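Pasting the structure below:
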């Protein structure tokens with residue numbers, strides 16, 4: 001019988017045996033080379049995001065006690081499930097851990113149709129060599145991959161971590177080639193992955209199709225790689241975390257934005273910033289607005305938006321909240337595969353509007369000024385952003401902007417000026433070399449973003465806040481269409497798999 005007390009744990013059924021932290025136990029096994037390996041015992045039930053984080057930290061503590069050397073952790077899940085957020089939170093508790101991103105091991109020469117969800121892209125030889133080196137206490141050379149250039153651009157030296165913890169994060173972090181080296185395997189499901197399924201289900205449900213037919217379409221087109229290459233590996237996890245994402249939870253840490261089209265110079269903005277901490281950068285952003293099936297582009301309030309910045313794609317579908325002149329935005333974005341765009345088009349979404357924004361960004365620790373030039377609108381907007389509402393308001397007053405604010409997203413501005421057709425007609429080949437589904441909606445990808453090919457300006461690490469459609473003040477917003485009970489049940493069942 002195992003001596004649970006020697007690891008600081010109560011034996012099952014003993015005092016405290018049912019406490020969450022006391023459900024963690026280790027088992028002794030061997031890796032694929034016959035070396036002794038201590039790993040976590042599987043937990044039968046799924047965990048919420050917060051409980052999963054607690055159990056993760058507790059498991060790492062126990063494994064460090066049980067292991068003499070490096071503890072290797074695999075953190076896997078589909079695009080948008082919340083791996084990166086989870087990983088950041090873990091590193092706030094374990095700041096000295098080594099973090100390996102599997103994206104850095106992409107082989108750009110094997111990329112087809114901009115599909116980064118294909119397991120064949122991973123340079124497993126280098127990855128396995130790096131993990132083995134760290135386990136042996138050696139410094140390793142970790143590759144650096146540029147999504148913008150679609151190639152490996154260099155290497156960086158990674159030392160064995162003082163915490164003795166190495167976290168390998170990626171879609172395929174629990175693949176059969178990596179599992180034998182891992183002491184702890186963690187999967188994350190949910191997040192935008194299932195929120196997107198619910199959202200697409202809601203939109204397509206209007207067409208009258210059966211829920212099971214819709215889900216089959218979503219599975220085959222939006223997430224073609226998930227069922228084949230990702231889900232089977234996630235089932236091998238010791239800890240299974242479900243991220244029940246709430247888009248509006250971000251309002252607890254909201255960003256306040258004031259926007260105006262009144263001309264403002266960089267010099268005027270610089271006077272309101274701390275000169276010692278001020279940073280200046282430029283951004284070029286391509287936003288692709290997807291029109292749901294059976295929606296009118298002139299009145300649509302439920303756009304899906306995909307953003308391309310620095311070669312990476314993110315999906316945004318939260319709505320903004322306005323309060324007077326303020327736009328209050330949850331700062332939430334999710335990195336996704338560009339293949340999702342083709343899948344959504346196959347399901348009936350139309351790439352109706354493509355918008356290129358060139359921005360000059362001036363910021364310090366408290367305020368951000370963005371001078372946005374929107375191609376096609378022919379004017380520059382000033383955005384003032386910050387966490388403190390009073391400071392944002394005062395900055396606007398100091399710039400003489402009171403009474404000129406525009407509490408609209410840019411897509412709404414296009415609608416208000418009846419320019420949706422103009423933006424659509426000006427689109428050209430947004431993603432060179434990517435093949436989109438045939439019979440996609442009219443005005444679809446033909447020409448998506450001529451400006452994208454000119455996207456060569458540097459991109460800072462600060463990400464722009466999510467901006468989405470706000471109902472026009474001249475009309476009463478209607479409640480979103482909700483899927484049928486049967487449809488909801490199908491999604492619920494799918495999320496439990």
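In the UniProt record's numbering, the protein residues as written are 1 to 497.
Even for Gly, the Cβ is constructed at its ideal location relative to N, Cα and C.
If you're wondering where the values come from, they're calculated on a predicted model, not measured in any experiment.
- With a cutoff of 9 Å on beta-carbon distance, residue 259 and residue 119 are scored as not near each other.
- Given a length threshold of 4 residues, each whole run of the alpha helix (DSSP H) inside the region 328 to 382 is given here in chain order: 339 to 346.
- For residue 422, the closest of 303, 365, 352 and 404 by C-alpha to C-alpha distance is 352.
- Boundaries of the alpha helix (DSSP H) harbouring residue 127: 124 to 135, taken from the DSSP string.
- Under a 10 Å Cβ-count criterion, residue 238 is classified as buried, with 16 or more other Cβ atoms of the shown protein chains found around its own Cβ.
- DSSP places residue 264 in no alpha helix (DSSP H); its state is neither H nor E.
- With respect to residue 140, residue 187 sits apart: the two C-beta atoms are not nearer than 9 Å.
- The beta-carbon separation of residue 374 and residue 303, rounded to 16 Å, does not stay under the 8 Å limit for a contact.
- When DSSP states are grouped into helix, strand and coil, residue 66 belongs to the helix group.
- Residue 226 sits close to residue 78, with the two beta carbons spaced by under 9 Å.
- In its chain, beyond the 5 residues on either side, 124 have a beta carbon closer than 6 Å to the beta carbon of residue 177.
- Taking the C-beta atoms as reference points, residue 57 is found no nearer than 9 Å to residue 43.
- Remark: C-beta atoms of residue 234 and residue 59 do not approach each other more closely than 9 Å.
- For residue 306, the three-state secondary structure derived from DSSP is strand.
- Under the criterion of beta carbons closer than 8 Å, residue 256 and residue 386 qualify as touching, at roughly 6 Å.
- Straight-line measurement puts the Cα of residue 155 at about 19 Å from the Cα of residue 97.
- Classified as exposed, residue 45 has fewer than 16 neighbouring CB atoms from the shown chains inside 10 Å of its CB.
- Annotation for residue 55: 20, 24, 47 and 239 place their beta carbon closer than 7 Å to its own, counting only its chain and skipping 5 residues before and after.
- Between residue 100 and residue 158, the C-beta spacing is below 9 Å.
- Residue 365 counts as exposed, since fewer than 16 other C-beta atoms from the protein chains shown sit within 10 angstroms of its C-beta.
- Going by beta carbons, residue 151 and residue 310 fall outside the 9 Å limit.
- With distances taken between CA atoms, residue 326 lies nearest to 404 out of 404, 287 and 341.
- Excluding five sequence positions before and after residue 236, the CB atoms of its chain that fall closer than 7 Å to its own CB belong to 174, 179 and 185, given in chain order.
- Between the beta-carbon of residue 121 and that of residue 106 there is about 5 Å, and that keeps the pair under the 8 Å contact cut.
- The bridge partners DSSP lists for residue 401 come to none.
- Around the beta carbon of residue 26, 16 or more other beta carbons lie within 10 angstroms, which makes this residue buried.
- The shortest CA-to-CA distance from residue 160 to any of 363, 72 and 243 is the one to 72.
- Annotation for residue 119: no alpha helix (DSSP H) segment contains it, and DSSP assigns it neither H nor E.
- A direct Cα-Cα distance of roughly 18 Å separates residue 324 from residue 399.
- By the criterion of a C-beta distance shorter than 6 Å, residue 168 is surrounded in its chain by 74 and 100, once the five residues flanking it on both sides are discounted.
- Across the structure, residue 339 and residue 388 are spaced so that their CA atoms are roughly 38 Å apart.
- Judged by DSSP secondary structure, residue 159 falls outside any alpha helix (DSSP H); it is assigned neither H nor E.
- The beta-bridge partner set that DSSP reports for residue 293 is empty.
- The three-state reading of DSSP puts residue 228 in helix, counting H, G and I together.
- In the structure shown, the three-state DSSP call for residue 417 is coil.
- When 66, 138, 360 and 51 are compared, the shortest CA-CA separation from residue 28 is found for 66.
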